[in-house]
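Asks: Here this note's numbering is used: the first residue of the sequence shown is 14, the next is one more, and so on.
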Amino acid sequence: MRKSVVAIVGRPNVGKSTIFNRLVGERISIVEDIPGVTRDRIYSQAEWLTTSFNLIDTGGIELGDEPLLVQMREQAEVAIQEADVIIFMVNGREGITAADEEVSKLLYKSNKPVVLGVNKVDNPEMRDQVYEFYSLGFGEPYPISGTHGLGLGDLLDAVVKHFPEINQEEPDEETIYFSLIGRPNVGKSSLVNAMLNQERVIVSNIAGTTRDAIDTPFTKDGQDYVIIDTAGMRKRGKIYESTEKYSILRALKAIERSDVVLTLIDAETGIIEQDKKIAGYAHEAGKAVVIVVNKWDTVDSHEKAMKEFEDKIRAHFQFLDYAPIVFLSAKTRKRTHTLLPQVLEASENHAKRVETNVLNDVIMDALAMNPTPTIKGQRLKILYASQVAVKPPTFVVFVNDPELLHFSYERFLENRIREAFGFEGTPIKIFARRRK
């Protein structure tokens, strides 16, 4: 199910990032202390009452040495293209500036709902200063203070009212939804075409449920699939081609709706930091992952070279040690037949359940092999474990004190669970709970 998207727009130094951080709260911090998982602050999830939504901070977008007016125009362009609702931020202390008026002109043309937030209204005496902002033409201005967290409830009430009615229909559980993510020119479109042009593939194009995306359903060997194709594959223009953060923004929308995410790497140019960043989002979202090395026809593709490249991937993507790696060439179609079986296996493992009694046998065997550690004179006692969710498989381990379950021992348990049940291609989550 697609979440609504809210963008915060405004000239520099009106406090966009402060409000963004307020709204997303702790979600912005790095959750796992694993090398290679980097987080970009441009996009995150926020929640108001019972509604969760995605939030874009256009203030996190840096466009180099472009003139200020060009930067603001491009920020507004992103908001207009990506968002369902726009929060237009102005500075209550400085009043309306020429730059505010320029932004408002751009937003008039968007035909998107705009909620006007007047920031830096830090005390009640300053509230009278908001009335001049009515002249911008966006209705009631909402006085807020990012620093003190004041007025955000009223602002969010107004934002949520504008959310579109989104189709609540659940996707078909039998169908595997997957997306291809990666930096521009890595060969996403070519790979989609190569997969769809194979024999025995029945193709139909249906406009997707999300704005700016096309979903392509097809059937192979009796299994239904849907490729979630972000419009990013088709968008052109300087801002969408040159700014790496936009490819991340597009990828996130596709990841949200996927069961399996194919992370593409260009064999010709090798691994770059942005590859790790984009793959990190798929991992954090708890999706099944298959690493695809495309353009394998352009390099020395003997077995030794493949092993060397695989070792490089494992070194750079330590947090994806569970993901299978497929080497192929979309252009020549070489080895493309090996991809869908991996997608199918990763999807099945992502939805796999294990029986509680078998799980506990594995846990007890693990304890016998490697007894629990003692921390500050206290020994961790693991009483039993249970699988509580799928997509991704999630386990709760009931213990005497959750603080005693060190990351390294949790990792050991994860490895034992993987050895016993497979789970290739999917992350698994383990939580410790105190037994009451």
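Heads up, the beta-carbon is just placed ideally off N, CA and C, and yes, glycines get one too.
(1) Counting only the same chain and skipping the five closest in sequence on each side, list residues whose C-beta sits under 6 Å from that of Ala298.
(2) Applying the criterion that 16 or more other CB atoms from any shown protein chain within 10 Å of the CB defines a buried residue, is Gln355 buried or exposed?
(3) Do you know how far the Cα of Leu168 is from the Cα of His175?
(4) Give me the residue from Gly166, Leu165, Gly108 with the minimum Cα distance to Tyr144.
(5) State buried or exposed for Glu178, treating a residue as buried only when at least 16 other CB atoms are found within 10 Å of its CB.
(6) For a quick check, are the C-beta atoms of Asp113 and Val103 less than 8 Å apart?
(7) Which same chain residues end up closer than 7 Å to Arg106 when comparing Cβ atoms and leaving out the 5 residues on each side of it in sequence?
(8) Restricting to Cα atoms, I'd like to know which of Gly438, Glu60, Ser17, Ile395 is closest to Leu165.
(9) Whose C-beta lies closer than 8 Å to the C-beta of Arg446 among residues of the same chain, with five residues either side of it excluded?
(10) For Arg447, which beta-bridge partners are listed by DSSP?
(11) Rounded to whole angstroms, what is the Cα-Cα separation between Glu90 and Ser158?
(12) Since Thr369 is in the beta strand (DSSP E), which residue starts that stretch and which ends it?
(13) Taking all protein chains shown into account, do 16 or more other C-beta atoms lie within 10 angstroms of the C-beta of Asp288, making it buried, or fewer, making it exposed?
(14) DSSP on Pro154, reduced to helix/strand/coil?
(15) Helix, strand or coil: how does DSSP classify Tyr335 here?
(16) Would you kindly check if the distance between the Cβ of Ala343 and the Cβ of Arg117 is under 8 Å?
(17) Can you give me the start and stop residues for the beta strand (DSSP E) that Met102 sits inside?
(18) Can you tell me where the alpha helix (DSSP H) holding Asn67 begins and where it ends?
(19) Just checking my contact of Asn17 with Asp97 at CB under 8 Å: how many whole Å lie between their CB atoms?
(20) Under three-state DSSP, which class holds Pro354?
(21) Apart from the five residues on each side of it in sequence, which residues of its chain come closer than 7 Å, Cβ to Cβ, to His161?
(22) I'd like the list of long-range same chain contacts for Gln58, defined as Cβ closer than 8 Å, with 5 residues on each side in sequence excluded.
(23) Excluding the 5 residues flanking Gln391 on each side, which residues of the same chain have their C-beta closer than 7 Å to its C-beta?
(24) List the DSSP bridge partners of Asn132.
Replies: So, to answer that:
(1) Cβ neighbours of Ala298 beyond the five flanking positions: Ile268.
(2) With 16 or more other Cβ atoms from the protein chains shown falling within 10 Å of its own Cβ, Gln355 counts as buried.
(3) Each residue's alpha carbon lies about 12 Å from the other.
(4) For the residues Gly166, Leu165, Gly108, the minimum Cα distance to Tyr144 belongs to Gly108.
(5) Classification of Glu178: exposed, given that the 10 Å Cβ count is below 16.
(6) Going by C-beta atoms, Asp113 is nearer than 8 Å to Val103.
(7) Correct list, in chain order: Lys133.
(8) Leu165 has its Cα closest to that of Glu60, out of Gly438, Glu60, Ser17, Ile395.
(9) Val409, Val410, Phe411, Val412, Pro415, listed in sequence order.
(10) Answer by DSSP bridge pairing, in chain order: Val412.
(11) Distance between the alpha carbons of Glu90 and Ser158: 26 Å.
(12) Unbroken run through Thr369 is the alpha helix (DSSP H), 369-382; no beta strand (DSSP E).
(13) With 16 or more Cβ atoms within 10 Å of its Cβ, Asp288 is classed as buried.
(14) DSSP, read as helix, strand or coil, puts Pro154 in strand.
(15) In this structure, Tyr335 counts as coil in the three-state DSSP scheme.
(16) According to the sequence displayed, residue 117 carries Ser and not Arg. No, Cβ-Cβ distance for Ser117 and Ala343 is not below 8 Å.
(17) For Met102, the enclosing beta strand (DSSP E) covers residues 98-104.
(18) Element bounds for Asn67: not the alpha helix (DSSP H) but the beta strand (DSSP E), 64-70.
(19) Residue identity differs from the one stated: residue 17 is Ser in this sequence, not Asn. Their Cβ separation, rounded to whole angstroms, is 5 Å, which keeps Ser17 and Asp97 in contact under 8 Å.
(20) DSSP, reduced to helix, strand and coil, places Pro354 within a helical segment of the structure shown.
(21) Take His161, set aside five residues on each side of it, and the residues of its chain with a beta-carbon closer than 7 Å to its own are Asp135, in chain order.
(22) Same-chain partners within the cutoff: Lys16, Val37, Arg40, Ser65, Phe66, Asn67, Leu68.
(23) Taken in chain order, the residues that qualify are Asp414, Leu417.
(24) Looking at the DSSP assignment, Asn132 forms a beta bridge with Asn104.
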